[in-house]
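As structure tokens, the structure follows; a few thoughts come after it.
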Amino acid sequence: MALRICSGAFRTSPVQSLYVNCHQLPLDLRRRKLSLAYYTKILSVPSHPLQNVYMSTSMKRLYDARPSNIRPFMDRMKLHISELDLPNVRIQQRNLFLFQPWNTPRFHYINPFATYSKSTVAPVVFNASSPTTAVSIVVIRPSTLMVRNVQITLAVES
20 MALRICSGAF RTSPVQSLYV NCHQLPLDLR RRKLSLAYYT KILSVPSHPL QNVYMSTSMK
80 RLYDARPSNI RPFMDRMKLH ISELDLPNVR IQQRNLFLFQ PWNTPRFHYI NPFATYSKST
140 VAPVVFNASS PTTAVSIVVI RPSTLMVRNV QITLAVES
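Read in order, the letters of the sequence shown are residues 20 to 177 in the numbering used here.
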């Protein structure tokens, strides 16, 4: 329905031709593509909780006896991969979380112009003798303290 509205097609237009005209995959192929992308993402992250989930033999028998029940995601993806003849594909693992999100480093910097108000100070003050000002950036982590000096070039329009 949405493709008909977006493309301005008639109600009687065949759905398959709408997919072609709008450059969209049919829903079952789109769902399969997104599932495979998520499955590879799971396998690429070494600490993902779903990576080491295995279904017991009794649960496999239960799902085989009742095909109307939906299998768990990882089991469905293993079936899709075997259907596509990709069982021996190695997925390179990567560590996305080099630091935990709850230990994100905080950035503090020493601003030499913090005491000045732009509306009350003449531009000459901001355009000091040197257009380059050294600013210290302090990165605070739970275990270390780092100070880096960075040269910042200030451009003041005349």
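Built from N, CA and C at the ideal position, the CB exists for glycine as well.
Among the options, which has the Cα closest to the Cα of residue i?
i, options, result
"Val64", "Gln111, Ser26, Val34", "Gln111"
"Val39", "Arg51, Ser26, Arg30, Arg50", "Ser26"
"Cys41", "Ala133, Lys79, Val140, Arg23", "Arg23"
"Thr59", "Phe29, Ala28, Lys97, Tyr135", "Lys97"
"Leu103", "Ser36, Arg51, Pro45", "Arg51"
"Ile61", "Leu44, Arg109, Phe132, Pro131", "Arg109"
So, under 8 Å CB-CB, residue i and residue j are touching, yes? Tell me the CB distance rounded to an integer number of Å.
i, j, result
"His99", "Leu53", "With 8 Å as the limit, His99 and Leu53 do not qualify as a contact, their Cβ atoms being about 12 Å apart."
Quick one: what's got a C-beta closer than 7 Å to residue i's C-beta in the same chain, skipping five residues either side?
i, result
"Ser148", "Below a pLDDT of 50, predicted positions are generally treated as unreliable, and Ser148, at 40, falls in that range; the measurement from the model is reported next regardless. Correct list: empty, nothing qualifies."
"Pro86", "none"
"Ala28", "Leu37"
"Lys79", "none"
"Tyr82", "Asn88, Arg90"
Using 7 Å as the cut-off, classify the Cβ of residue i as near or not near the heavy atoms of the ligand SAH, replying yes or no.
i, result
"Phe132", "Inclusion of the ligand SAH in the displayed structure is not the case, the ligand content being empty and no account of it being possible."
Which residues in the same chain have their Cβ closer than 6 Å to the Cβ of residue i, if we skip the five residues on either side of it in sequence?
i, result
"Pro45", "Tyr38"
"Arg113", "Ser63"
Which residues in the same chain as residue i place their Cβ atom closer than 8 Å to its Cβ, once the five residues preceding and following it in sequence are excluded?
i, result
"Ala141", "none"
"Gln35", "Pro45"
Given 8 Å, three or more beta-carbon pairs between the stretch 89-109 and the stretch 61-72
yes
At 4 residues or longer, and completely inside the stretch 74-110: list those alpha helix (DSSP H) runs for me, N to C.
76-84, 92-102
Minimum length 4: unbroken alpha helix (DSSP H) runs contained in the stretch 41-74:
46-63
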